[in-house]
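As C-alpha cells, the structure follows; a few thoughts come after it.
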Amino acid sequence: MIVFGGMTGWLLSSLYTALVSMVDRIFTLCNEANLFIEMENNSTYYENFRWNKLNESLYSSDGAWKLGQYGSALVLAFFIYNFAFSPMNRVRCVSEVGWSYLSSGGYGHAGNVLHHRSGGRGLAERIREVQRLKKTGELPPVYPNGWFSILETKDLKKGQVISVNALGQNLAVFRSTEGIVHCVDAYCPHLGANLAVGGVVKGDCIECPFHGWRFHGPDGACTHIPYSTKVPEFARVKAWTVCEANGRIFLWHDAEGRDPYWKLPVVPDIQKGNWHYRGRTEHEIMAHVQEIPENGADIHHLSHLHVPNIFKGSDLTDAFANNQVMDIAKHAWNGDWKTEDEEHMASVLLTHGFSLFGGKFEIFSMTVKALQIGPGIVHLYFNTPIGSGVLIQTVTFH
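Under mature numbering (1 follows the signal peptide of the UniProt record, and there is no 0), the letters of the sequence shown match residues -28 to -1, 1 to 370, in that order.
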C-alpha cells in the first residue's frame, strides 16, 4: 500500500524508452526480412547475403554493443518490475530472529537455527525453556477485547472456506455466494466434523462434509438436515462477528460476549483505489499482546535501538559494536504520543532522518503518523520524498 510518486514515473519512463528502442529494432529487422523475401528468385545470393548480414551484425563491435544493450535492458526491466511492482511476502518464524546466543551456547550466529543442535537439544526446545524460566508476575487477560485480523481479503474467494486458528479458537471462515464473509466455530455440533475441511458453501450457509447438516453464517443456526424434517435446538454453531476493511478480514473478540462497541477506521486512499497492496511481512513472536503497543509507545527506545543502520545487521552485539566504518550512517528519531477522542485510540507523530557523519549530511527524511487502534491494530501513515502510503500492522494470537 505504497505510492512512489515521481520515482515510479522515472522508472516507467526509462523502461518505456528501452522497450521502444527494442521494438524499433525489431521492426527494422522485419523490414530487412521483407527485402530478403523479395530476393528469393536468386536463392544463392539470398543465402549468402543473409548469412553475411548475420555475421556482420553479431561479430561487429556495433552489433555486439547493441546486443548487450538489449540484454541489459531486459535484465533491468525484470529487476525493476520485481522490486517496484511485485508485492513482497516475507514470513519469519519465532526461531529465526533474536535467539543466536542460544544456538551456540553463547553469542554468535547459527547456520540453520531450525535444525541446529547444541547439547543434544534443538533450538525450539531451548527457547521454550527460556520462556518457562522467565519471571512473569501477574499477567492481564490472555485475549483482550477488540478487532483482530484473521485473513487477507484477497485470500478468500466466493464459495471458499478456510480453516483459521486464532484467539485459542478453531474457526471456519467462508465467503457466501453473494460475497459476504462469515465466521463460525469449526466443529459441527453433531459428531464433531471440521466444517473447514471439506465443508461446502451453499448460499450464506456452510454444509458439513460428514452428514450434510447446513449452518447459517450470520447466526450459526442449523437450517437443513437432509434426512430429517425437524432440526433439533442444539444444532447450532457459534457465529463470530467479522468485517472487512483495508484489504483484511477482522474478527471481533470480547471476553464478556458483547457486540462491537467501536468501528474499524478505513483508510480512504485504499477504499478509493489510490493506494495499492505492495506486500507484507509476518513475524511469529513469543510475547503478550500488551507488550507490543507498550513498546511502540516507548519513544526513547527509538533513539537507541533503532539508530544503527541496516548494514550492521539484526544481531545486537554486532549492531552496537565499535565499528566506525558502519557508524558513518545513522538514523534519528523524535516524536510524542497523544490520546485521541475515542478511548480505544492513541497516536504519535514521528520524524525520522537518515544521515551521514553524525548528522552533517542528511540524505533522507520522512514523517510518520502512527495510530494505535485497540490492542491489535496500528496504522502507520508516512510521507517521503518519493511518495506516501500506509503500513498496517496487525497482531493476532494463536
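Backbone N, C-alpha and C fix where the C-beta goes; we use that ideal spot for every residue, glycine too.
Option nearest residue i by Cα separation, candidates the options
| i | options | result |
| --- | --- | --- |
| Arg208 | Gly192, Thr201, Cys215, Glu216 | Gly192 |
| Met338 | Thr323, Ala318, Pro347, Lys332 | Thr323 |
| Ile335 | Thr356, Ile122, Ser275 | Thr356 |
| Val136 | Val156, Lys130, Gly118 | Val156 |
| Trp234 | Glu315, Pro116, Gly175 | Glu315 |
| Val203 | Trp212, Ala49, Phe187 | Phe187 |
| Tyr249 | Val239, Ile257, Glu256 | Val239 |
| Gly151 | Gly170, Lys126, Asn142 | Lys126 |
| Val214 | Leu236, Thr201, Pro113, Val367 | Leu236 |
| Tyr159 | Val261, Cys194, Ala318 | Cys194 |
| Ala318 | Val350, Thr289, Tyr53 | Val350 |
| Gly131 | Gly170, Ile122, Pro161 | Gly170 |
Short Cβ contact (8 angstroms threshold) for residue i with residue j
| i | j | result |
| --- | --- | --- |
| Cys177 | Gly189 | yes |
| residue 418 | Gly251 | Nothing in the structure corresponds to residue 418, since the chain is present only between -28 and 370. |
| Phe369 | Ala138 | yes |
| Gly268 | Gly118 | no |
| Arg220 | Glu124 | yes |
| Gly184 | Thr149 | no |
| Val133 | Phe146 | yes |
| Val367 | Ile264 | yes |
| Val261 | Pro116 | yes |
As assigned by DSSP and simplified to three states, the class of residue i
| i | result |
| --- | --- |
| Val203 | coil |
| Gln365 | strand |
| Thr289 | helix |
| Met(-7) | Because the pLDDT at Met(-7) is just 46, under 50, the model does not fix this residue reliably, and the point stays unresolved. |
| Gly184 | coil |
| Glu312 | coil |
| residue 378 | The structure shown does not extend to residue 378, since the chain is modelled only from -28 through 370, so no value can be given for it. |
| Phe354 | strand |
| Gly307 | strand |
| Ala227 | coil |
| Val153 | strand |
| Ala259 | coil |
| Gln41 | helix |
| Gly251 | strand |
| Tyr53 | helix |
| Ser275 | helix |
| Pro265 | helix |
| Thr213 | coil |
| Pro240 | helix |
Rounded C-alpha distance that separates residue i from residue j
| i | j | result |
| --- | --- | --- |
| Arg64 | Ile197 | 44 angstroms |
| Val153 | Leu167 | 15 angstroms |
| Glu205 | Val172 | 22 angstroms |
| Ile271 | Asp231 | 34 angstroms |
| Val340 | Leu352 | 6 angstroms |
| Glu266 | Lys332 | 32 angstroms |
| Gly307 | Gln344 | 14 angstroms |
| Gly140 | Asn218 | 25 angstroms |
| Phe50 | Ser58 | 11 angstroms |
| Glu216 | Phe222 | 6 angstroms |
| Lys210 | Asn281 | 49 angstroms |
| Ala45 | His225 | 52 angstroms |
| Ala304 | Val279 | 6 angstroms |
| His273 | Asp299 | 18 angstroms |
| Glu97 | Phe354 | 40 angstroms |
| Gln365 | Ile122 | 12 angstroms |
| Cys180 | Leu128 | 19 angstroms |
| residue 376 | Ser275 | Absent from the structure is residue 376, since the part of the chain shown begins at -28 and ends at 370. |
Test: residue i CB closer than 8 angstroms to a CB of chain C
| i | result |
| --- | --- |
| Trp224 | Among the chains in the structure shown there is no chain C, since it carries only a single protein chain. |
Would the region 325 to 333 and the region 230 to 246 be scored as touching if the rule is three or more Cβ pairs under 8 angstroms?
no
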